[in-house]
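Have a look at the structure below before the remarks.
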Amino acid sequence: VQLQASGGGLVQPGGSLRLSCAASGSIFSRNDMGWYRQAPGKQRELVATITSGSSTNYADSVKGRFTISRDNAKNTVYLQMNSLKPEDTAVYYCYAKDPYGSYWGQGTQVTVSS
15 VQLQASGGGL
25 VQPGGSLRLS
35 CAASGSIFSR
45 NDMGWYRQAP
55 GKQRELVATI
65 TSGSSTNYAD
75 SVKGRFTISR
85 DNAKNTVYLQ
95 MNSLKPEDTA
105 VYYCYAKDPY
115 GSYWGQGTQV
125 TVSS
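According to our numbering, the stretch in the sequence shown is residues 15 to 128, in order.
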């Protein structure tokens with residue numbers, strides 16, 4: 015499975031970004047997908063996940079601000095991030111899990127700063 019993440023960038027506090035992750039090499043609709051992030055000096059942490067059945071789960075720190083969704087026709091998972099805070103600054107990684115293993119994308123930088 016190959017994962018290509020995009021959409022990161024620099025945004026002011028309170029702003030919004032949408033991350034995208036395009037997947038190939040597997041039957042996307044059967045994959046559980048997710049986003050994780052890693053800030054400098056910190057461990058990688060879960061941000062949000064979405065199952066093949068579109069059940070979602072969020073870290074407490076992003077609930078009500080972030081929304082994960084998927085478009086199986088486009089083999090793409092999205093992370094809509096609203097009301098961004100400086101503490102959301104991190105490299106965001108796309109994640110996929112299928113019956114054969116777990117896979118990571120290359121990461122996209124999100125920086126929230128004025």
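We treat Cβ as the ideally placed atom computed from N, Cα and C, and that holds for glycine.
For residue i: DSSP bridge partner residues
i	result
Thr65	DSSP, once it has assigned bridges, lists no residue as partnering Thr65.
Asp46	Lys111
Tyr41	The displayed chain sequence assigns Ile, not Tyr, to residue 41. In DSSP, Ile41 forms no bridge with anything.
Environment of residue i [buried if 16+ CB atoms lie within 10 Å]
i	result
Asp102	buried
Tyr114	exposed
Leu33	buried
Element boundaries [beta strand (DSSP E), containing residue i]
i	result
Gly23	23 to 25
Asp85	80 to 85
Own chain, CB closer than 7 Å to residue i, minus 5 neighbours either side, in chain order
i	result
Phe42	Asn86, Asn89
Val25	Leu31, Leu98, Val126
Same chain only: Cβ atoms within 8 Å of residue i, ignoring 5 sequence neighbours per side
i	result
Ser44	Here residue 44 turns out to be Arg, not Ser, going by the sequence shown. Contacts found: Ser66, Asp112, Pro113.
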